[in-house]
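See below for the structure under consideration.
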Amino acid sequence: MGVSGPEIKAGVKKASAWATPVACGANNGVLLTGDNLKKAIESILDDSLGMPFSEQRDMGQVKVEGSLNAFMRYDGLDTLIALAMGATGGAPTQQGTTTAYAQKFTLSDILDGLFATVAINKKVNVFEYPSVKVSGWTLRAEMGKPVEIDFDVIADNEDFNSSINNLTSFANVTYFEKENRILMSQGVFRLNDKSGAALADGDKVYPSGFELSYKRKVTGAYIVGQSNRIDEPQTDGLPEVKLKLTFPRYTATTYLSALGSDTRKKMDIVFTGSLIEATYYRTFKLQFPHLALLNAEAVTDKGQVKHPLEFECLATPTAPTGMTGILKPFQVDVINRQSSNVLS
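So the working numbering is basically just the index in the sequence shown, starting at one, shifted up by 396.
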């Protein structure tokens, strides 16, 4: 019998030594919608003179990279988010005496020492990726649909016959939660000038879709002792962070003017889900202290003219009003049931 999607399960657990896998277990399960992790091994042909056809080949550099795809959730993806961002605010803060906890994820300057073991159970066997660096993500949604996230990952290897994560050990993998997807309809978007007052109800905007692309430039090196696999990837350039908003109708030249005058903006996006306990609701909040417009279009079409915007998300030397302490291109704040620091 073959394997189908509903039978595939995945686990992610923070690790501490590169190229050394750890066993996924309780609360390490993650709900994926797919993955495209692939292992490629360079084939080095012997092309010496005097041979019309190669008779020998050697195995060269191992390359394993791709993405982990999921519906964005209020709970359950904290480890992957933290590994991509690089830092947390420490232990989550309990809200009153409830099971609700608030925490933040912030952008660190580098991602050194932050990686995980990923295990994907495909019933025939478990595919283990011993050390996985999460180098960024694409977060996106359209009205009427769940928010989706694609985590960009780079791994040292793919092992389909591991003694650490296998069909027997995978029986220990459980999920912290399987509910509470984030829906686009649960979002509130607010945008105004960076130099303006704190964001308020009067600053609400109403896009039909958005996309946040956050990409770290990290590269692993091939060195002796790594069995043709990469060492831990390290910073190899500045990150790229861009935000897209799609407005379904073109109604004013406001953003065209802002683009022409290079008027900088600030923004927050807040998704609010179901009640946890007392007055505390599941929350996923994105804050952008410094946005620079890259594009503002009125797209010519036979139907309604759409108005897509694209922003560069920048750091700022001084936090704008209402965003105290937020100096990096964006910050994530959540309220969920996670009571421990996932990076500890």
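Note that beta-carbon positions come from the ideal geometry of N, C-alpha and C, so glycine has one too.
Name, in chain order, the residues that DSSP records as bridge partners for residue i.
{"i": "ILE437", "result": "VAL458"}
{"i": "SER545", "result": "Per the sequence shown, the amino acid found at residue 545 is Ile instead of Ser. For ILE545, which the question treats as bridged, DSSP gives the partners ALA466 and LEU535."}
{"i": "PHE606", "result": "ALA537 and LEU641"}
{"i": "ILE626", "result": "TYR618"}
{"i": "LYS724", "result": "Looking at the DSSP assignment, LYS724 forms no beta bridge with any residue, so it has no partner."}
{"i": "VAL514", "result": "VAL408 and TYR525"}
{"i": "CYS709", "result": "LEU687"}
{"i": "VAL701", "result": "Answer by DSSP bridge pairing: none, since VAL701 is not bridged."}
{"i": "GLY342", "result": "This structure leaves residue 342 out entirely; the chain is present only between 397 and 740."}
{"i": "LYS611", "result": "GLY532 and GLU636"}
{"i": "THR668", "result": "THR679"}
{"i": "SER631", "result": "In the sequence under discussion, the amino acid at residue 631 is Thr, which differs from the Ser named in the question. VAL614, per the DSSP bridge assignment."}
{"i": "VAL746", "result": "Residue 746 lies beyond the residue range present for the chain, which begins at 397 and ends at 740; the question has no answer from this structure."}
{"i": "GLU693", "result": "Paired residues: none, contrary to the question."}
{"i": "GLY425", "result": "GLY407 and TYR571"}
Using only the alpha-carbon positions, how far apart do residue i and residue j sit?
{"i": "VAL530", "j": "THR615", "result": "12 Å"}
{"i": "ALA480", "j": "TRP533", "result": "8 Å"}
{"i": "LYS435", "j": "VAL543", "result": "28 Å"}
{"i": "LYS681", "j": "GLU438", "result": "43 Å"}
{"i": "GLU451", "j": "GLN457", "result": "20 Å"}
{"i": "ARG612", "j": "MET447", "result": "44 Å"}
{"i": "ASN732", "j": "ALA478", "result": "14 Å"}
{"i": "THR570", "j": "LEU473", "result": "13 Å"}
{"i": "TYR525", "j": "THR416", "result": "10 Å"}
{"i": "VAL408", "j": "VAL426", "result": "7 Å"}
{"i": "PHE726", "j": "LEU634", "result": "15 Å"}
{"i": "ALA694", "j": "GLY656", "result": "15 Å"}
{"i": "LEU608", "j": "THR679", "result": "18 Å"}
{"i": "LEU441", "j": "GLY482", "result": "40 Å"}
{"i": "SER565", "j": "ASN557", "result": "12 Å"}
{"i": "VAL738", "j": "MET663", "result": "27 Å"}
{"i": "VAL730", "j": "LEU510", "result": "21 Å"}
{"i": "CYS709", "j": "SER623", "result": "39 Å"}
{"i": "THR696", "j": "GLY605", "result": "18 Å"}
{"i": "ARG536", "j": "GLY621", "result": "40 Å"}
{"i": "SER400", "j": "ASP443", "result": "42 Å"}
{"i": "VAL528", "j": "ASP627", "result": "11 Å"}
{"i": "PHE523", "j": "ILE560", "result": "11 Å"}
Are the beta-carbon atoms of residue i and residue j separated by less than 8 Å?
{"i": "LYS500", "j": "VAL666", "result": "no"}
{"i": "PRO603", "j": "THR659", "result": "no"}
{"i": "ASN517", "j": "LYS405", "result": "yes"}
{"i": "ASP471", "j": "GLN734", "result": "yes"}
{"i": "TRP414", "j": "ASP555", "result": "no"}
{"i": "ILE672", "j": "THR493", "result": "no"}
{"i": "THR650", "j": "PRO685", "result": "no"}
{"i": "THR631", "j": "ILE545", "result": "no"}
{"i": "GLU403", "j": "LYS519", "result": "yes"}
{"i": "LEU652", "j": "ALA692", "result": "yes"}
{"i": "LYS638", "j": "GLU706", "result": "yes"}
{"i": "GLY462", "j": "LEU433", "result": "yes"}
{"i": "GLN700", "j": "PRO629", "result": "no"}
{"i": "LEU503", "j": "PHE547", "result": "no"}
{"i": "THR668", "j": "TYR677", "result": "yes"}
{"i": "LYS698", "j": "TYR646", "result": "no"}
Could you give the DSSP three-state label for residue i: helix, strand or coil?
{"i": "GLY492", "result": "coil"}
{"i": "GLN499", "result": "strand"}
{"i": "ASN588", "result": "strand"}
{"i": "ARG599", "result": "In the sequence under discussion, the amino acid at residue 599 is Asp, which differs from the Arg named in the question. The answer is helix: DSSP assigns ASP599 an H, G or I state."}
{"i": "ALA688", "result": "strand"}
{"i": "ASP729", "result": "strand"}
{"i": "THR475", "result": "helix"}
{"i": "GLY509", "result": "coil"}
{"i": "LEU682", "result": "strand"}
{"i": "MET663", "result": "strand"}
{"i": "TYR651", "result": "helix"}
{"i": "GLU573", "result": "coil"}
{"i": "GLU451", "result": "coil"}
{"i": "GLU403", "result": "helix"}
{"i": "GLY583", "result": "strand"}
{"i": "ALA551", "result": "strand"}
{"i": "GLY656", "result": "helix"}
Am I right that residue i and residue j are in contact with their C-beta atoms under 8 Å? What's the rounded C-beta distance?
{"i": "ALA422", "j": "ASN562", "result": "With 8 Å as the limit, ALA422 and ASN562 do not qualify as a contact, their Cβ atoms being about 17 Å apart."}
{"i": "ASP589", "j": "LYS661", "result": "6 Å"}
{"i": "THR513", "j": "ALA411", "result": "5 Å"}
{"i": "ALA593", "j": "THR717", "result": "6 Å"}
{"i": "LEU595", "j": "ARG586", "result": "4 Å"}
{"i": "LEU464", "j": "VAL549", "result": "6 Å"}
{"i": "ARG577", "j": "ARG469", "result": "6 Å"}
{"i": "SER736", "j": "ALA487", "result": "7 Å"}
{"i": "GLY540", "j": "SER591", "result": "Contact doesn't hold; Cβ gap of about 35 Å is too wide."}
{"i": "ALA654", "j": "LEU689", "result": "6 Å"}
{"i": "CYS376", "j": "ALA496", "result": "The chain is shown only over 397 to 740; residue 376 falls outside these bounds and no answer can be derived."}
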